[in-house]
Amino acid sequence: MYIPRTWFLQSVRGYASAAKRGPSRLGKAIDLDHFIQRGRALALWRTIVRGCRKIPDEGTREETLRFAREEFRRNRNVEDLTQIRYLISTGKTQWETMERYIDGL
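In this note's numbering, each residue carries its 1-based index in the sequence shown increased by 2.
Next up, the structure:
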């Protein structure tokens, strides 16, 4: 089977050259430090959600979850690593205090 040379060269060049695509739908990539802090923030969120299940009073449980959700939403666009580390540290401290209170109930 004979394949015309021009067709072959055009198809090979298409693979060899940079892809001509539009902007990514995934958004901007984050660096390693932000990726690590994101994981820590998610771990803190999961800890809070799991811990809230231990709260016997439904109203208090919902209020605690609502407070945590609003704090995470309010700070979701923070990009400064020092500020992110501070927020995670403060959140852990607040949650540990809350856990001691919950365990005392």
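Glycine is no exception: its CB is placed at the ideal position from the N, C-alpha and C atoms.
**Prompt:** Which full runs of the alpha helix (DSSP H) of 4+ residues lie inside the stretch 32 to 73, going along the chain?
**Reply:** 34 to 54
**Prompt:** Helix, strand or coil: which one does DSSP assign to residue 78?
**Reply:** coil
**Prompt:** residue 86 and residue 57 look like a contact to me (Cβ under 8 Å); what is the Cβ gap, rounded to whole Å?
**Reply:** At roughly 27 Å, the Cβ-Cβ gap does not stay under 8 Å, so residue 86 and residue 57 are not in contact.
**Request:** Compare the Cα-Cα distances from residue 68 to each of 51, 82, 78 and report the closest residue.
**Result:** 51
**Prompt:** What is the C-beta distance between residue 83 and residue 39, in whole angstroms, given that I count them as a contact (C-beta under 8 Å)?
**Reply:** 7 Å
**Message:** By the DSSP assignment, the alpha helix (DSSP H) with residue 29 in it spans what residues?
**Reply:** Looking at the DSSP string, residue 29 is not in any alpha helix (DSSP H), and its letter there is neither H nor E.
**Item:** Cβ pair residue 73, residue 41 closer than 9 Å
**Value:** no
**Item:** Inter-residue Cα distance where the pair is residue 64 and residue 90
**Value:** 21 Å
**Asked** By how many angstroms is the C-alpha of residue 78 removed from the C-alpha of residue 71?
**Response** 10 Å
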